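Undergrad: What the sequence shown shows, in my numbering, is residues 635 to 950, in sequence order.
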Amino acid sequence: MTLAPFVRIIAQGKGRARPLTQGEAQQAMTLILSGKAAPEAIGALLMVLRMRGETDAEIAGFTAALRHNRLGGTTDIPVDLDWPCYAAGRSRGAPLFALAAKLVAQAGYRVALHGWNSHQGTVADLRGALQTTGILGDGLSYSALEALNPAAFEVLKLRNILGLRSCINTVLRMWNPFAARASVQGVFHPSYRGLQSRAATLLGDKNLTVIKGGGGEFERHPAKEITIYGLHNGVEIDSRAAAILTDTRRLYDPDQPIDIAALWSGAQEDPFASATVIGTAALALWTLGAAQTFDQTTALATSLWGNRHSQDRRRL
635 MTLAPFVRII AQGKGRARPL TQGEAQQAMT LILSGKAAPE AIGALLMVLR MRGETDAEIA
695 GFTAALRHNR LGGTTDIPVD LDWPCYAAGR SRGAPLFALA AKLVAQAGYR VALHGWNSHQ
755 GTVADLRGAL QTTGILGDGL SYSALEALNP AAFEVLKLRN ILGLRSCINT VLRMWNPFAA
815 RASVQGVFHP SYRGLQSRAA TLLGDKNLTV IKGGGGEFER HPAKEITIYG LHNGVEIDSR
875 AAAILTDTRR LYDPDQPIDI AALWSGAQED PFASATVIGT AALALWTLGA AQTFDQTTAL
935 ATSLWGNRHS QDRRRL
């Protein structure tokens, strides 16, 4: 089988082309991940979809194919929270969301970070930050995409050839390779928030929080009200979380660099960065159902931040 029939469906001509069904999209992505599709056809498919915009069913179908192609995405220990991190890093500062993920783990949840981050600059380098802070373990894990699914990694790298992002960026955020019961996702373009939550509904997901995050990661600006899309107990949501401090600072300000290891250890004091960590963790805890309201999970996250060096990890 080739990709030609799927390219023909979406690219025939005005009045004849149509979107792929969810089943067709799953078949197409399954073929791509098998390594048997011609690279020219892959490029054609991805760029036509890029030009006209992907549908909910197409994203759901592509994601279903990736979920069935788990490869390294298995674990004997159930995961509570899926945390994808695939931002390119060009508008990123220190990965404060990693510290937020650690707070969630310290609350007793099992959190799985996964992504492709080795291409980022020194400031935004997630893998480097995880090493220097020493926060991995005790409920927090990180998996590199190139190890989890080399085929998906090759599709992602086509951006270097095509010059544009493709739907694989969205699909990887939707992936949830360890079948966690809840997921948090950051997007750069606000229009993708609704797309991802609607696609998640088609996939039968139940708990998902999507925000326009810093540089495309799940990391909130603490001085701004944010809009929250996704699913809560299977019900589609469109909610808002109020700012948790007053400040005009940008989320990433080159004039106010953050040493993430020093912030975690307490050697560096930065109320804005700390509020970023707390606010991000609060949203993740709310996604997991740790409390009913944002105020309650913010209070919990604040307590976790203040006691982050305690040897006691809460147990579920």
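Quick reminder that beta carbons are idealized off the backbone N, C-alpha and C, glycines included. Here the structure is a predicted model, which is why all the values come from computation and not from measurement.
#1: Could you tell me whether the Cβ atoms of ALA895 and THR767 are closer together than 7 angstroms?
#2: Where ASP674 and ILE795 are concerned, what is the direct C-alpha to C-alpha distance, given to the nearest angstrom?
#3: Just to confirm, are LEU715 and VAL745 a CB contact at a threshold of 7 angstroms?
#4: Any idea which residues DSSP pairs ILE862 with across the strands?
#5: On the premise that ALA735 lies in contact with TRP717, defined as a C-beta separation below 8 angstroms, what is that separation, rounded to the nearest angstrom?
#6: Whole-angstrom Cβ separation of GLU859 and ALA877, contact assumed at under 8 angstroms?
#7: If you measure between the beta carbons of LEU879 and ALA857, is that distance less than 7 angstroms?
#8: Less than 7 angstroms between the beta carbons of ALA651 and ALA659, yes or no?
#9: Go ahead and label ILE845 buried or exposed: buried means 16 or more other beta carbons lie within 10 angstroms of its beta carbon, across all protein chains shown.
#10: Express the C-alpha separation of ASN803 and HIS702 in angstroms, rounding to a whole number.
#11: Take ASP881 and list the residues in its own chain whose beta-carbon comes closer than 7 angstroms to its own, dropping the five residues that flank it on each side.
#12: Taking only three categories from DSSP, how would you classify GLY657?
#13: For PRO718, which of helix, strand or coil comes out of DSSP?
#14: State the DSSP-derived secondary structure class of TYR826, mapped to helix, strand or coil.
#15: In the DSSP assignment, find the alpha helix (DSSP H) that holds HIS702 and state where it starts and stops.
#16: Quick one: which unbroken beta strand (DSSP E) runs of 3-plus residues sit fully inside the region 764-824? Chain order, please.
#17: For VAL818, which residues of its own chain have a beta-carbon under 6 angstroms away from its beta-carbon, when the five flanking residues on both sides are left out?
#18: Would you call the CB atoms of LEU747 and TYR776 closer than 7 angstroms?
#19: What's the C-alpha gap between GLU692 and SER873?
#20: What is the residue span of the beta strand (DSSP E) that GLY749 lies within?
#21: In chain order, what residues of the same chain lie with their CB nearer than 8 angstroms to the CB of ARG704, ignoring the 5 residues before and after it?
#22: Classify VAL911 as helix, strand or coil using the three-state DSSP reduction.
#23: On the DSSP bridge list, what partners appear for LEU897?
#24: Check this for me: beta carbons of THR936 and ILE912, under 7 angstroms apart or not?
#25: Keeping to the same chain, check which residues put their C-beta closer than 6 angstroms to that of ILE676; ignore five residues upstream and five downstream.
#26: To the nearest angstrom, how far is the alpha carbon of GLY847 from that of PRO729?
#27: Check whether the Cβ atoms of PHE640 and ALA662 lie closer than 7 angstroms to each other.
#28: Locate the beta strand (DSSP E) running through THR756, then write down its first and last residues.
#29: Quick check on LYS846: does DSSP put it in helix, strand or coil?
#30: In the structure shown, what three-state DSSP assignment does ALA924 receive?
TA: By the coordinates alone:
#1: yes
#2: One point to set straight first is that residue 674 is Glu, not Asp, in the sequence displayed. Taking the straight line from one Cα to the other gives about 11 angstroms.
#3: yes
#4: SER873
#5: 5 angstroms
#6: 6 angstroms between Cβ atoms; contact.
#7: yes
#8: no
#9: Around the beta carbon of ILE845, 16 or more other beta carbons sit within 10 angstroms, so the residue counts as buried.
#10: Distance between the alpha carbons of HIS702 and ASN803: 18 angstroms.
#11: Short of 7 angstroms from the beta carbon of ASP881, and not among the five residues preceding or following it, lie these beta carbons of its own chain, in chain order: ALA857, PHE906.
#12: When DSSP states are grouped into helix, strand and coil, GLY657 belongs to the helix group.
#13: strand
#14: helix
#15: Its alpha helix (DSSP H) spans residues 690-702.
#16: Look at the region 764-824 and you find these whole runs of beta strand (DSSP E), each 3 residues long or longer: 774-778, 816-821.
#17: Closer than 6 angstroms at Cβ, skipping near neighbours: TRP717, THR843, PHE852, ALA918, THR921.
#18: yes
#19: Cα to Cα, GLU692 sits roughly 25 angstroms from SER873.
#20: 745-749
#21: ASN783, PRO811
#22: helix
#23: Answer is none; LEU897 lacks a bridge partner.
#24: yes
#25: ILE666
#26: Taking the straight line from one Cα to the other gives about 12 angstroms.
#27: yes
#28: THR756 -> no beta strand (DSSP E), and no H or E assigned at all.
#29: strand
#30: coil
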